[in-house]
Amino acid sequence: MPTDPRMAAWRPFVETTARLQTLLDAELRAAVGMSMSDYNILLILHEASGNRLRMRDLADHMIFSTSRLSYQIDTMARKGWLCRERAPEDRRGNYAVLTDAGREAFAAAARIHADSVQRHFLDAISADDGKALRHIMIRLSEHLDA
């Protein structure tokens, strides 16, 4: 075991976050036929002004390549959860736009997801743990942005 407590935290961090993401994804897929990537895109569009966001901005939020996002958007559009619209201001860009069916799918998934997050994450940590973890994750995110 590493003597540096930061290194000792590394593997549990990687393994636990992967397990948690996999578990949340499996529960969403089983309940509503939606992946965590689908859910996160719907969440971002749900929170966006006018339920729309330029594709490049959505790719930045998702940390996806443009080709991966394009594939994901096409898959979700076939399900009727969103559509693409040309950006009238420059004709080169596109918007991803949440549809009524997407809002309904998101609402159903949000209930399932909230229950899963409660059982698998919130029930396992204290409020103080949450504050400390939030602080650490924000600091790590800022470090990665620098």
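For the sequence shown, full-length UniProt numbering begins at 1 and goes up steadily by one. No residue lacks a Cβ here, since even glycine has one placed at the ideal position from N, Cα and C.
#1: Whole angstroms is fine: what's the gap from Arg139's alpha carbon to Ala9's?
#2: In the structure shown, what three-state DSSP assignment does Glu15 receive?
#3: Taking Leu140 as part of the beta strand (DSSP E), name the residues at either end of that continuous run.
#4: What's the C-alpha gap between Phe106 and Leu43?
#5: Could you pull the start and end residues of the beta strand (DSSP E) that Ala92 belongs to?
#6: Closest by CA to Met55, which one among Asp128, Ala48, Glu47 and Leu69?
#7: Can you tell me where the beta strand (DSSP E) holding Leu58 begins and where it ends?
#8: Are Tyr95 and Ala101 closer than 7 Å when you measure CB to CB?
#9: Grouping DSSP H, G and I as helix and E and B as strand, with all else coil, what is Ala110?
#10: Do the segment 112-124 and the segment 74-92 make contact, defined as three or more Cβ pairs closer than 8 Å?
#11: How is the alpha helix (DSSP H) around Leu42 delimited, first residue to last?
#12: Tell me whether Ala87 sits in a helix, a strand or coil according to DSSP, three-state version.
#13: From the DSSP secondary-structure annotation, give me the bridge partner or partners of Arg103.
#14: Following the continuous alpha helix (DSSP H) through Thr66, name the residue where it begins and the one where it ends.
The structure says:
#1: 16 Å
#2: helix
#3: Leu140 -> not in any beta strand (DSSP E); alpha helix (DSSP H) instead, spanning Ala127 to Asp145.
#4: 7 Å
#5: First, the residue type needs correcting, since residue 92 is Arg and not Ala in the sequence shown. Run containing Arg92: none; DSSP gives neither H nor E here.
#6: Leu69
#7: No beta strand (DSSP E) holds Leu58; the alpha helix (DSSP H) holding it covers Met55 to Met62.
#8: no
#9: helix
#10: no
#11: Met36 to Glu47
#12: coil
#13: Partner(s): none; Arg103 has no beta bridge.
#14: Thr66 to Arg78
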